[in-house]
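Data block below; observations after.
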Amino acid sequence: MGIEVDVIFKIAGIGIVVAFLHTVLKQLGKEEYAHWVTLLGFIYILFMVASIVDDLFKRIKSVFLFQ
Numbered sequence: 001m002g003i004e005v006d007v008i009f010k011i012a013g014i015g016i017v018v019a020f021l022h023t024v025l026k027q028l029g030k031e032e033y034a035h036w037v038t039l040l041g042f043i044y045i046l047f048m049v050a051s052i053v054d055d056l057f058k059r060i061k062s063v064f065l066f067q
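Going by full-length UniProt numbering, the first residue of the sequence shown is number 1, and it counts up by one from there.
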């Protein structure tokens with residue numbers, strides 16, 4: 001029932017990669033691209049979390065409606 005550790009590691013890995021890319025692009029003077037990479041990484045993680053929350057609500061609904 002608990003959250004899988006795999007998802008936590010995926011989110012952490014994506015965060016590390018995005019932070020690395022942001023730093024590299026900013027050092028190269030490509031700040032606009034760095035901001036886009038950060039935004040896209042945030043949106044990707046947001047969709048991952050949204051799917052986890054959707055699964056949580058489905059499980060709660062199935063528990064209380066006894067389906």
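Just so you know, even glycine gets a beta-carbon here, dropped at the ideal spot from N, CA and C. This structure is a prediction, so every number in the text was calculated from the model and none was measured.
Cβ-based neighbour list, residue i, same chain, cut-off 7 Å, excluding 5 preceding and 5 following
i: Leu21; result: Val37
i: Ser62; result: none
i: Asp54; result: none
Under the three-state DSSP convention, the category residue i falls into
i: Leu25; result: helix
i: Glu31; result: helix
For residue j and residue i, believed in contact at Cβ under 8 Å, the rounded distance
i: Val18; j: Gly41; result: 3 Å
Cut-off 8 Å between Cβ atoms - residues of its own chain near residue i, not counting five sequence neighbours on either side
i: residue 68; result: In the structure displayed, the chain extends from 1 to 67; residue 68 sits before or after that span and is not available.
i: Leu39; result: none
i: Leu10; result: Note that residue 10 is Lys in the sequence shown, not Leu. For Lys10, where only same-chain residues beyond five positions count, the Cβ hits under 8 Å are Met48.
Same chain, Cβ closer than 6 Å to residue i, five either side skipped, listed in chain order
i: Ile60; result: none
The segment 2 to 14 contacting the segment 33 to 51, beta-carbon criterion three pairs below 8 Å: At 8 Å Cβ cutoff, the stretches touch.
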